[in-house]
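Written below as structure tokens is the structure these notes are about.
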């Protein structure tokens with residue numbers, strides 16, 4: 001293994017992976033490491049057994065929930081906005097050599113949804129978000145749905161705060177609650193050359209996530225990333 005690198009990236013969460021890809025495309029020598037024995041960090045996906053063990057302290061999920069391996073539950077669930085900065089960033093890093101983004105016809109009856117509950121409607125200081133996907137996305141057994149309700153906690157009873165979103169879901173087989181502190185970097189990053197990402201927020205899309213990555217990229221390289229791309233050219237390159 002080489003002893004000298006331009007950049008060392010710690011962790012394999014989404015932010016770290018995007019940043020590593022951007023810096024590699026710039027021609028920098030990047031060492032990407034993770035102390036965990038799994039990929040994804042805070043943005044990892046869990047099967048049903050892993051989910052049960054994390055939140056219930058047991059590895060025996062209820063049988064009525066279906067096949068364990070058919071579940072993929074994101075810890076940081078978010079949609080990719082079709083024309084958002086995440087898609088533009090992925091195109092910039094040449095992932096179109098390995099995957100395509102295509103419009104899906106006849107999605108008016110799609111088994112997924114994103115709902116934003118406005119703060120004024122709820123009498124809150126911030127919005128609440130509802131995200132739902134299903135077996136159609138290969139994240140659960142046939143007939144099962146996975147839904148997430150997220151918000152920035154404003155009281156000492158976050159479970160009570162989430163009720164307006166949970167009440168929209170209808171019958172629920174199983175529910176898990178999870179609250180965590182959010183962090184922002186406080187070090188003098190330009191002086192110690194240690195660039196730290198902030199915690200993931202409650203939004204159900206990746207725009208704020210990518211904004212954090214692009215801010216770190218600019219601080220590290222001194223450049224503003226040009227995300228203007230020819231989508232038709234990128235699509236044609238992927239097909240060749």
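Residue numbers (full-length UniProt numbering): 1 to 240.
Quick reminder that beta carbons are idealized off the backbone N, C-alpha and C, glycines included.
Legend entry - Collapsed DSSP secondary structure at residue 81 in the structure displayed: coil
Inset, instruction - Please work out which residues of its chain come closer than 6 Å, Cβ to Cβ, to residue 139, disregarding the five sequence neighbours upstream and downstream, and give them in chain order. - result: 72, 133 and 146
Inset, instruction - Keeping to the same chain, check which residues put their C-beta closer than 7 Å to that of residue 224; ignore five residues upstream and five downstream. - result: 218
Inset, instruction - Please report the residue range of the alpha helix (DSSP H) in which residue 179 lies. - result: No alpha helix (DSSP H) holds residue 179; DSSP gives it neither H nor E.
Inset, instruction - Measure the Cβ-Cβ separation of residue 32 and residue 20 and say whether it is below 8 Å. - result: yes
Inset, instruction - Please name the residue, chosen from 110, 87 and 109, that lies closest to residue 99 on a Cα-to-Cα basis. - result: 87
Legend entry - Limits of the alpha helix (DSSP H) - the one that residue 217 falls within: 207 to 221
Inset, instruction - With a 10 Å radius around its C-beta and 16 neighbouring C-beta atoms as the bar for buried, classify residue 148 as buried or exposed. - result: buried
Inset, instruction - Starting from the N-terminal side, write out each stretch of the beta strand (DSSP E) that is 3 residues or longer and does not extend beyond the region 118 to 180. - result: 128 to 134 and 145 to 151
Inset, instruction - Quick one: measure Cβ to Cβ for residue 117 and residue 185, integer angstroms, because I've assumed they're closer than 8 Å. - result: In fact, because the Cβ distance is near 30 Å, the residues do not count as touching under 8 Å.
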